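Report on the structure given below.
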Amino acid sequence: MKRIMLGIVALTGLSAGLFAFTAAELSGIKGNIVPSTGASYVWAIMGTDSLKTSVNSGSFEFNNIKPGNYKVVVDAIEPLKDVQFEVSVPENKVINVGDIKLAQ
1 MKRIMLGIVA
11 LTGLSAGLFA
21 FTAAELSGIK
31 GNIVPSTGAS
41 YVWAIMGTDS
51 LKTSVNSGSF
61 EFNNIKPGNY
71 KVVVDAIEPL
81 KDVQFEVSVP
91 ENKVINVGDI
101 KLAQ
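Residue numbering for the sequence shown follows the UniProt record's numbering, beginning at 1 and increasing consecutively.
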């Protein structure tokens with residue numbers, strides 16, 4: 001009987017831990033690059049961690065990222081200039097930064 005109870009407690013704890021980990025990973029950042037061919041990559045940097053994603057048809061998206069404060073860097077194609085800005089990503093929310101207009 002003790003073994004069964006111990007097994008149930010362990011399984012419940014493991015399930016709760018996995019659910020908590022999954023919930024923390026549902027954040028994201030998305031946006032659009034204008035002009036749509038103005039950049040190939042976008043970076044999201046938090047501390048010493050960096051993420052890189054491709055720009056597809058002018059859109060980019062970082063999925064399943066940790067909540068926190070990120071510096072977003074758009075790696076523009078010359079003659080356009082790179083763009084950098086800060087964004088705060090809360091837990092369980094995808095932040096749409098909208099249109100990012102690249103200038104010469």
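Beta carbons are placed, not taken as given, at the ideal position from N, Cα and C, and that holds for glycine.
Computed from a prediction, not measured in an experiment: that's the story for all the values here.
Since residue i and residue j should fall inside the 8 Å C-beta cutoff, what is the C-beta to C-beta distance between them, to a whole number of angstroms?
i: F60; j: K93; result: About 17 Å; that fails the 8 Å criterion.
i: L102; j: G38; result: 4 Å
i: I33; j: G58; result: 5 Å
Report yes if the C-beta distance between residue i and residue j is below 7 Å; otherwise report no.
i: Y41; j: D75; result: yes
i: V72; j: V87; result: yes
i: I65; j: G98; result: no
Which one of the options has the shortest CA to CA distance from residue i?
i: Q84; options: A44, S36 and N32; result: A44
i: L80; options: E91, P90 and I100; result: I100
i: S36; options: I95, I77 and P90; result: I77
Need the endpoints of the beta strand (DSSP E) that residue i sits in, please.
i: G68; result: G68 to A76
i: D82; result: That residue, D82, is in no beta strand (DSSP E); it is neither H nor E in DSSP.
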